[in-house]
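J.: Residue numbers (our numbering): 42 to 377. Yeah, the Cβ is synthetic: ideal placement off N, Cα and C, and Gly gets one too.
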């Protein structure tokens, strides 16, 4: 039977979480139509053993590839190459899917030919055990739209135009000729951006699929990890800028890329100016990156105010917590 979707599962030292992740795909009604491809990225624990137990017990559903460590991006690169499904969806091994929604998801993909599919997702805080919704606010779910349409109502789609909300048509994704950066963190920003340079059709589904586990200090999004991996964020920002200036794309795609690039750079400067304990070194790193934008007028102009604000906050020795409080205050004022 034709596989409708390949779920790519990047797995590195994931023995604590992998079983929960893989069990979430077990839904008898659609198991013949899904392909769950676990990419063991050179783990040193029981990750491969757990994955192979599932592959042996459910041979028509789970497959395993063991490879030398190459980072998260390398697992997606291999997964996209080896996928059997009409669509591909990446689920990290410490996250999981809403099993009850798999049937509707697969049935929708079966009927669709869109380049990109968007779905709602949850974040699950491991400290409070609370779920938070992240939604597409579409007025016409299941209909096909252009990227120009999406950019015209960007706020309605913004929350799910990210790693956790995106599913790609496999044939379309391969046609983009994309190789994500390897041996770096934060390359999920590339994954959620690069294919849009040629995406023509986008469809949103009114269902929650991905459950994204948050609240772990070891995660790459934690402040501690961001400081430690500051150079990874710089490399990803640079690769996104290079891609933008080396590919022909529509005006809508340019707008989309500018939004994504400015966010990665803003995140980088937050780490540089507000998180790194050695403020002088942080300013040096941040200023060096800004200097590299001298001939990148579109991006530089979009970021100038944000850069100056964050740099000034750094000089005042304010930190990220202060910035978060300011953002929360501004949100509340807008809601009044």
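Please report the straight-line C-alpha distance between residue 363 and residue 75, rounded to a whole angstrom.
T.: Their Cα atoms are separated by approximately 45 Å.
J.: If you run the structure through DSSP and keep just helix, strand and coil, what is residue 244?
T.: Correct three-state label for residue 244: strand.
J.: In the DSSP output, which residue or residues are listed as bridge partners for residue 51?
T.: Partner(s): 80.
J.: Bridge partners of residue 106, per DSSP?
T.: Looking at the DSSP assignment, residue 106 forms a beta bridge with 80.
J.: Less than 8 Å separating the beta-carbons of residue 386 and residue 69?
T.: There is simply no residue 386 to check, as the chain begins at 42 and stops at 377 in what is shown.
J.: By how many angstroms is the C-alpha of residue 208 removed from the C-alpha of residue 221?
T.: The straight-line gap from Cα to Cα measures roughly 16 Å.
J.: Who are residue 210's beta bridge partners in DSSP?
T.: BP columns for residue 210 point to 128.
J.: Among residues of its own chain, excluding the 5 on either side of residue 339, which ones have a beta-carbon nearer than 7 Å to its beta-carbon?
T.: For residue 339, where only same-chain residues beyond five positions count, the Cβ hits under 7 Å are 299.
J.: Just to confirm the assignment, what range does the beta strand (DSSP E) spanning residue 221 have?
T.: Segment: none, residue 221 is in no beta strand (DSSP E) and carries neither H nor E.
J.: Here's a check: name, in chain order, each residue in its chain whose Cβ is nearer than 7 Å to the Cβ of residue 366, leaving out the five neighbours to either side.
T.: None.
J.: Give me the Cα-Cα distance between residue 88 and residue 252, rounded to the nearest whole angstrom.
T.: Distance between the alpha carbons of residue 88 and residue 252: 20 Å.
J.: Residue 273 lies in the alpha helix (DSSP H); which residues open and close that run?
T.: It spans 271–287 - the alpha helix (DSSP H) in which residue 273 sits, taken as one unbroken run.
J.: For residue 90, does the count of other Cβ atoms within 10 angstroms reach 16, so buried, or fall short, so exposed?
T.: Residue 90 should be labelled exposed.
J.: For residue 47, I'd like the list of residues in its chain whose CB is within less than 6 Å of its CB, leaving aside the five on either flank, ordered along the chain.
T.: Closer than 6 Å at the Cβ level, and outside the excluded window around residue 47, lie 76, 78, 124, 125, 126 and 129.
J.: With three or more C-beta pairs closer than 8 Å as the rule, is the region 154–161 touching the region 188–205?
T.: The region 188–205, when compared against the region 154–161, does touch it at the 8 Å Cβ threshold.
J.: Could you tell me the boundaries of the beta strand (DSSP E) in which residue 177 lies?
T.: Residue 177 -> no beta strand (DSSP E), and no H or E assigned at all.
J.: Does the region 269–279 come close enough to the region 164–178 to have 3 or more Cβ pairs within less than 8 Å?
T.: The region 269–279, when compared against the region 164–178, does not touch it at the 8 Å Cβ threshold.
J.: If the criterion is Cβ atoms closer than 8 Å, does the pair residue 305 and residue 264 meet it?
T.: No, they are not a contact pair.
J.: Given this structure, state the Cα-to-Cα distance separating residue 374 from residue 154, to the nearest angstrom.
T.: Low confidence applies here, because residue 374 scores a pLDDT of 49, under 50, leaving its location unreliable; read the following figure in that light. Answer to the nearest angstrom: the Cα atoms are 41 Å apart.
J.: From the DSSP secondary-structure annotation, give me the bridge partner or partners of residue 137.
T.: Partner(s): 252.
J.: Within a Cβ cutoff of 6 Å, which residues of the same chain sit near residue 377, ignoring the five residues on either side of it in sequence?
T.: Only weak support exists for where residue 377 lies, its pLDDT of 48 falling under 50; the coordinates are left without a value.
J.: Can the beta-carbon of residue 182 be found less than 8 Å from the beta-carbon of residue 245?
T.: Yes, the Cβ-Cβ distance between residue 182 and residue 245 is below 8 Å.
J.: Report, in whole angstroms, the separation of the C-beta atoms of residue 344 and residue 294, which I expect to be a contact under 8 Å.
T.: That belief does not hold up - the Cβ atoms of residue 344 and residue 294 are roughly 19 Å apart, past 8 Å.
J.: What is the DSSP secondary structure of residue 378, reduced to helix, strand or coil?
T.: What the structure shows of the chain is the stretch from 42 to 377, and residue 378 is not part of that stretch, so it cannot be assessed.
J.: Whole angstroms is fine: what's the gap from residue 398's alpha carbon to residue 218's?
T.: The question about residue 398 has no answer here: the residues shown for the chain are numbered 42 through 377.
J.: Skipping 5 residues on each side, what residues in its chain have a beta carbon closer than 7 Å to that of residue 80?
T.: Within the same chain, residue 80 has close Cβ partners 49, 50, 51, 52, 106, 108, 116, 119 and 120.
J.: Rounded to whole angstroms, what is the Cα-Cα separation between residue 341 and residue 332?
T.: Spanning the two alpha carbons is a distance of roughly 9 Å.
J.: Kindly give me the distance between the Cβ atoms of residue 282 and residue 197, rounded to whole angstroms, as I take these residues to be in contact under 8 Å.
T.: That pair is no contact at about 27 Å.
J.: Look at the alpha carbon of residue 323 and the alpha carbon of residue 354, and state the distance between them as a whole number of angstroms.
T.: Roughly 12 Å between the two C-alpha positions.
J.: Here's a check: name, in chain order, each residue in its chain whose Cβ is nearer than 6 Å to the Cβ of residue 84, leaving out the five neighbours to either side.
T.: Contacts found: 53 and 54.
J.: Assign residue 191 to buried or exposed, taking buried as 16 or more other Cβ atoms, counted over all protein chains shown, within 10 Å of its Cβ.
T.: Answer is buried; the Cβ neighbour count reaches 16.
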